[in-house]
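Here is the structure we will look at.
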Amino acid sequence: NPFKVIVVTGVPGVGKTTVLSLLQEKAKERGLRLRVLNFGDFMLDNAVRKGLIKNRDQIRYLSFREQLELQDIAASSIIEEAGSDLKEGDYLIVDTHAIIKTPLGYLPGLPSNVINSLRPDMIVVIEADPKEIVARQQRDATRYRSDFGGEEGVRQLMDIARSAAMASAVQAGSLLTIIINREGRASEAAEQLLNAISKL
Ligand code: AP5
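Position in the sequence shown (first residue = 1) + 1 = our numbering.
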């Protein structure tokens, strides 16, 4: 890719989307050209068109094979869409997950086919205190995130997500960066992320 690719991961409710919208504002102020694409949006559009589901929290309940197919198409569509307007030196930020908790087991969000399409320069893991993540999940009434097993479930998922992100970084030959999204301080997390990517 002529542009730089940063894959941003984190367990549901950690605040990825919040941090990334602040990152967009900060990048604009600094004159950096950056595009944020949400992996789940691409999977959802396709799944809704096929009449499989109605909302994003149903994606992880689709069959394993359906999720793999939607995942593969999403990765190539993201690169195609980014390629139509990003130039050398611009940034593509992909809002996604290193691991997805499904009823059948953990599904890697960044397996080799996805890594080969996205070719990330950096994989970011956004983390926070598990207790704060559970509180954020409960406060956010727009989403269904009550199937992650409370504080202990979130802690376990964070461990697996970190290992999965590292495995994908090894495969991609990319950097791995961990950023903490502290309570009430999403703007600081966005600032740290901007500093990290601007040095790439
Ligand atoms: P996705 O859309 O990414 O869903 P998600 O994990 O729920 O992530 P969100 O982006 O909605 O949550 P978030 O962590 O960004 O939190 P938010 O900023 O909203 O993915 C949808 C689905 O797509 C997945 O479940 C999966 O099935 C599928 N998918 C995606 N990628 C895939 C892949 N690679 N392979 C296979 N499947 C894939 O914040 C949450 C709340 O916290 C908000 O109310 C916010 O205001 C608050 N908050 C945020 N930061 C702070 C802070 N610092 N202090 C206090 N409150 C805060």
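Virtual Cβ for every residue (Gly too), placed ideally from N, Cα, C.
Check, Outcome
"Can you tell which of Pro104, Val12, Asp122 has its C-alpha closest to the C-alpha of Ala197?", "Asp122"
"Alpha carbon to alpha carbon, how far is Ala162 from Ile101?", "8 Å"
"Give the DSSP bridge partners of Arg36, in chain order.", "Leu93"
"Quick check on the DSSP output: what are the complete alpha helix (DSSP H) runs of length 4 or more inside the segment 48-88, in order along the chain?", "65-84"
"What are the start and end residues of the beta strand (DSSP E) that includes Leu108?", "106-109"
"In the structure shown, what three-state DSSP assignment does Lys17 receive?", "helix"
"Please state whether the Cβ-Cβ distance between Val8 and Ser175 is less than 9 Å.", "yes"
"Under DSSP, the beta strand (DSSP E) around Lys200 begins and ends at which residues?", "Segment: none, Lys200 is in no beta strand (DSSP E) and carries neither H nor E."
"By alpha-carbon positions, which one of Phe149, Phe43, Ile127 ends up nearest to Gly106?", "Phe149"
"Would a C-beta distance cut-off of 9 Å place Glu128 and Asn39 closer than the cut-off?", "no"
"Flag Asn39 as yes when its Cβ comes closer than 8 Å to any non-hydrogen atom of ligand 1, and as no otherwise.", "yes"
"Rounded to whole angstroms, what's the CA-CA distance from Gly90 to Val126? Just pull it up for me.", "23 Å"
"Please return the same chain residues whose Cβ sits closer than 7 Å to the Cβ of Pro109, not counting the five positions on each side in sequence.", "Ile100, Ala165"
"Thr18: beta carbon under 8 Å from a heavy atom of ligand 1?", "yes"
"With a Cβ-Cβ cutoff of 9 Å, do Thr10 and Thr97 count as a contact?", "yes"
"For Ala170, which option in Gln193, Ser188, Arg144, Leu119 has the closest C-alpha, if you only look at C-alpha atoms?", "Leu119"
"Across the segment 111-118 and the segment 73-83, are there enough close Cβ pairs to call them in contact, namely three or more that are closer than 8 Å?", "yes"
"At the level of alpha carbons, what is the spacing between Phe43 and Ala173?", "22 Å"
"From what residue to what residue does the beta strand (DSSP E) around Glu128 run?", "123-128"
"Rounded to whole angstroms, what is the Cα-Cα separation between Gly16 and Gln193?", "14 Å"
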